[in-house]
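Undergrad: Structure provided below as C-alpha cells; questions to follow.
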C-alpha cells in the first residue's frame, strides 16, 4: 500500500467488498462511498446494521463496478474520480484488466489506492507492485489507517477498543481445548460440499479470524488446505461437530431448508452436525470492526452454548444474553464521549 497522504479530508471513495464499508460505517463515513466493485457482502452486513440506530445502508442503491465476467468497468471508475480507491491495486492487476502501467496512470490522473489484500492468503502468482512482497495487515491496523485518512482517529480507536474488548471477553471464557468442537465452514450445492479451511490462514488475515480466536478445531484441515470439495462419502469421514454455512447471512432461510433436506436424507442424516442440529448460518469474511464484533458473538453462541447461551437467530438474541451493548457502537458512530 505504501505511504499515502491527503491534502484534505477525502470526500469520496470506492470500495471492493464490504470490509472497508464496515470501517466507514464505524467512522460515520458511509455518505463518502460512491461505488463498490461488488455490493454482495453488504447484504449480509445489513442484518447486523439493523440492530443499530446509526447505521443504515441499502445495498441495492450502491453502484457496482464489476462486469459480468468480474473484470472492472474501468471507464466508469475513472468517471467517478474517487479521492481514494479502497482496493489493493495488486488485486486489480491479478484479477482484472489493470496492469502496473494502468495503476500508475490512475494514481497520477485520479488519486491513490488505499488498501492491502489481507482477507485471506493471497493467490499463487500474486503481483507485488510497487516494491516487492508486503505484509498482511490486521483488522486493528486497517481501522487505524482509515481513521487517519478520514481524520476520525478517536472514532477509529474507540471501535477498535470495543471490538478487542468483546473478543478478549469471549476468549477468556473458552473451555479447555479438549472440549471444543470440530468445525467445518463452507456450503453445499448440487450434492457437493465446498469447504474452507481456516487453521492454516496467515496469522494477520481477518477473514476467518473469529474461528481461530474462538478456538474452533478445523475439521477439514486434515483433508486439504484452502478450498476443499467433498462428496457425501468424504463429508461423512470429516464429520464435523458443527457446520457453519459461509455467507449464510445472505440466505438464512435457504440454510434452514438445506438442514431439513439433510435430516430426511439417508446419508446426510448420519452427519453429527445434522443429527444434533448444530448446522448454522455463518457470516462474511469481509468483516470490519462492527461486523466482526457481531460475528464473534454469533459464533461464540453457536460453538459454546453452555458458556454463552444458545444462538437464537439474527436479531433475536435477548438483551440480557447479548455479549455487548449495541448502544456503544451507536455512541461511537455518533462521535459521543470520544477522547
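In UniProt numbering, the protein residues as written are 1 to 339. Backbone N, C-alpha and C define an ideal beta-carbon position, used for all residues, glycine too.
Could you check what DSSP says for residue 52 in three-state terms: helix, strand or coil?
TA: coil
Undergrad: Using a Cβ-Cβ cut-off of 7 Å (strictly less than) and excluding sequence neighbours within five positions of residue 210, which residues of its own chain qualify?
TA: 292, 295, 296, 299
Undergrad: Excluding five sequence neighbours on each side, which residues of the same chain lie with their C-beta closer than 7 Å to the C-beta of residue 46?
TA: 57, 59
Undergrad: For residue 143, which residues from the same chain have a beta carbon less than 7 Å from its beta carbon, with the 5 sequence-adjacent residues on both sides left out?
TA: 23, 156, 159, 160, 289, listed in sequence order.
Undergrad: In its own chain, which residues sit with a C-beta less than 7 Å from the C-beta of residue 173, not counting the 5 before and 5 after it?
TA: 307
Undergrad: Bridge partners of residue 279, per DSSP?
TA: Note: residue 279 sits in a beta bridge opposite 243.
Undergrad: With DSSP as the reference, please indicate the residues paired to residue 229 in a beta bridge.
TA: 194
Undergrad: Count the other CB atoms within 10 Å of the CB of residue 230; is the residue buried (16 or more) or exposed (fewer)?
TA: buried
Undergrad: Under 8 Å: do the region 129 to 138 and the region 86 to 106 share three or more Cβ pairs, one atom per stretch?
TA: yes
Undergrad: Tell me the DSSP secondary structure of residue 218 in three-state form.
TA: strand
Undergrad: Give, in chain order, every unbroken run of the alpha helix (DSSP H) that is at least 4 residues long and sits entirely within the region 34 to 97.
TA: 40 to 49, 74 to 80, 89 to 95
Undergrad: Alpha carbon to alpha carbon, how far is residue 75 from residue 318?
TA: 48 Å
Undergrad: Express the C-alpha separation of residue 63 and residue 41 in angstroms, rounding to a whole number.
TA: 14 Å
Undergrad: When DSSP builds the beta bridges, which residues end up paired with residue 189?
TA: Answer is 192.
Undergrad: Does the Cβ of residue 39 have 16 or more other Cβ atoms within 10 Å, making it buried, or fewer, making it exposed?
TA: buried
Undergrad: I'd like the span of the alpha helix (DSSP H) that includes residue 106, first residue to last.
TA: The continuous alpha helix (DSSP H) containing residue 106 extends over residues 100 to 109.
Undergrad: Specify the secondary structure class of residue 150 as computed by DSSP and reduced to three states.
TA: coil
Undergrad: Quick check on residue 199: does DSSP put it in helix, strand or coil?
TA: coil
Undergrad: Buried or exposed: which applies to residue 271, given that a residue is buried once 16 or more other Cβ atoms fall within 10 Å of its Cβ?
TA: By the neighbour-count rule (16 or more Cβ atoms within 10 Å), residue 271 is buried.
Undergrad: Where residue 136 and residue 123 are concerned, what is the direct C-alpha to C-alpha distance, given to the nearest angstrom?
TA: If I take the Cα positions, the gap works out to 13 Å.
Undergrad: Let me know the secondary structure DSSP gives residue 182 once reduced to three states.
TA: Reduced to three states, the DSSP call for residue 182 is strand.
Undergrad: Assuming contact is defined by CB atoms lying nearer than 8 Å, are residue 264 and residue 52 in contact in what I supplied?
TA: no
Undergrad: Since residue 303 and residue 279 should fall inside the 8 Å C-beta cutoff, what is the C-beta to C-beta distance between them, to a whole number of angstroms?
TA: That belief does not hold up - the Cβ atoms of residue 303 and residue 279 are roughly 13 Å apart, past 8 Å.
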